[in-house]
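Just add 65 to wherever you are in the sequence shown, counting from 1, and you've got the numbering used here. First the structure, in the form of C-alpha cells, and then the observations on it.
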Amino acid sequence: EVMNSFIPAVQAGNPEAANASFQSVSRHYKAHRQGVNATVTSASKYAEDKLSILGSAASRGYWTLGVAAALGLLLVLALAVPTINRIYRSLHEAGKAAAAIANGDLTYPMPEASNDEVGELVAKLVIMRNNLRELISNMHQNVDALNRSASDLSMSSANSARVGENQSEAASSMAAAME
Numbered sequence: 066e067v068m069n070s071f072i073p074a075v076q077a078g079n080p081e082a083a084n085a086s087f088q089s090v091s092r093h094y095k096a097h098r099q100g101v102n103a104t105v106t107s108a109s110k111y112a113e114d115k116l117s118i119l120g121s122a123a124s125r126g127y128w129t130l131g132v133a134a135a136l137g138l139l140l141v142l143a144l145a146v147p148t149i150n151r152i153y154r155s156l157h158e159a160g161k162a163a164a165a166i167a168n169g170d171l172t173y174p175m176p177e178a179s180n181d182e183v184g185e186l187v188a189k190l191v192i193m194r195n196n197l198r199e200l201i202s203n204m205h206q207n208v209d210a211l212n213r214s215a216s217d218l219s220m221s222s223a224n225s226a227r228v229g230e231n232q233s234e235a236a237s238s239m240a241a242a243m244e
C-alpha cells in the first residue's frame, strides 16, 4: 500500500489520495502492531508458564537430590559404623594381648584372627608370643643344664678337696714317720 498508493500520491502532490492512503496504511500498521503485541504477550505468558514449570521441576530435582544424598549418607553410616566398631574391637583386643605379652603374661588368650589387616597383626602377635615361649623354655633348659653342671663341678671340687686333704694327711703322716 505504501509503495503503490501513498508514495505515488505524495509525488503527484495529491494530498487527498495521500491522506486516504496514509489512513489505510495507519489501519494496517495498527492491526499489525496489535498482532505483534498479542504475539509478544502470548509468547511472554508461554515463557513464564514454561519457566514456572522448569522452576518447579528444578525445585523437585533439588529436593530429590537432597533426599538421595541424605539416604546415601545414612546408608554409608549404616555400613561404616559396624565396620568401624568391629575394627575398634579387634584392635582393642589385640592391644590388650600385646600389653599382656609386654607384661610377661605369655598365657593370655589371643583374640581370633580375622581375614584383614588386624587379623594379620593378631597372627603376628601369636607368632611372637610362641617364639617368646620357646625362647624362655630354651633359657630354662639351659639354666637347668648350667645348674646341673655347677652341681657336678661343686661335687667334683668337694671330692678333689677331700682327696687333696687325704693326700695331705698321708704326706704329713709319712713325714712324721720319717722324722
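All C-beta atoms, glycine included, are put in the ideal place defined by N, C-alpha and C. No experiment lies behind these values; they were computed from the predicted model shown.
Distance, Leu-142 Cα to Pro-176 Cα: 27 Å
For Thr-172, the nearest candidate out of Val-191, Ala-178, Ser-179 (CA to CA): Val-191
Would you say Ser-89 and Ala-74 are within 8 Å of each other, going by their C-beta atoms? no
Return helix, strand or coil for Glu-158, following the three-state DSSP convention. helix
Terminal residues of the continuous alpha helix (DSSP H) containing Ala-226? 182-243
With C-beta atoms as the reference, is Leu-156 less than 8 Å away from Val-132? no
Tyr-56 versus Glu-158, Val-67, Arg-151, residue with shortest Cα-Cα distance: Because residue 56 is not part of the residues shown, which for the chain are 66 to 244, the question remains open.
Straight-line Cα distance separating Ser-109 from Val-118: Per the sequence shown, the amino acid found at residue 118 is Ile instead of Val. About 14 Å.
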